[in-house]
Amino acid sequence: MTVPDLFTTLLWLSVTVLAFAGMDRLSQKLGRHPLAHPVLWSVPVIIAALWVTGTAYDTYVASTAMISFLLGPAVVSMAVPIWEQRKAIRKLAGPLALAVLAGAMTAIVSAVGIVWMFGAPLDIMASIAPRSTTTPVGMAVATTLGGIPALAAIIIIFSGVLGAMVATPVLNLMRIRDYRVRGFAVGVAAHGVGSARAFQVSETAGAYAGLGMALNAVVTATLLSIVAALI
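Here our numbering is used: the first residue of the sequence shown is 442, the next is one more, and so on.
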């Protein structure tokens with residue numbers, strides 16, 4: 442991958458930030474409607490810009506490496522609200538452990554079961570198995586299982602966006618009002634994208650979403666590592 446020049450780097454950094462900021466502004470005006478999620482609509486905007494300018498994807502990735510780097514500190518910063526909720530979390534340790542185990546197993550079995558029913562090959566099943574974890578963890582787990590890392594990344598991102606979109610309507614339909622429960626469920630099911638959405642709703646929901654995301658990554662990776670060792 443060639444290193445882009447300063448102009449190219451600044452151009453695509455600006456396009457990425459402006460695309461997301463514009464879609465986030467639109468989402469705010471639409472009352473954070475589930476179908477107006479900024480990630481969902483900023484992606485096609487950026488794809489269109491790449492296509493119009495004839496820019497290779499590798500060039501875009503290299504130009505926006507700073508944003509990818511900042512994702513690390515952003516995820517780590519989620520530990521701050523979790524630490525502030527530590528006393529309440531300690532009291533709920535048992536239910537939260539059971540919830541994340543149930544969520545991880547449901548995500549794995551349901552995803553793999555559906556594609557298995559349609560006759561998907563093993564590498565596809567291995568790629569979809571870690572769909573509810575964060576992208577780096579999911580890609581590593583998929584590789585261990587003999588899956589396709591790039592496909593796993595696409596599935597994980599799509600799962601996160603879809604989860605963030607449908608979480609609020611589904612939880613409202615189920616009449617779940619407790620922000621701790623709502624946040625934890627979204628974090629387990631929709632990892633980082635869902636956690637970001639939870640923070641927009643409530644700091645408590647965001648803290649529990651970050652906790653759910655972290656615990657689910659560990660539990661899912663552990664469960665699938667055991668499966669990989671047995672097959």
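Just so it is clear, CB atoms sit at the ideal spot from N, CA and C, and this is done for glycine as well.
Between I596 and S568, the C-beta spacing is below 8 Å.
In this model, T576 and A594 are separated by some 6 Å (Cα to Cα). Between the alpha carbons of Q526 and S643 lies a distance of about 13 Å. Going by beta carbons, G633 and V516 fall inside the 8 Å limit. When the alpha-carbon of T574 is set against those of I565, A503, H474 and A658, the nearest one is in A658. With at least 16 other beta carbons inside 10 angstroms of its own, W453 counts as buried. Between the segment 606-616 and the segment 553-567 there are fewer than three inter-stretch CB-CB distances shorter than 8 Å, so the stretches are not counted as touching. Its Cα nearest to that of V521, the residue T645 stands out among G472, T584 and T645.
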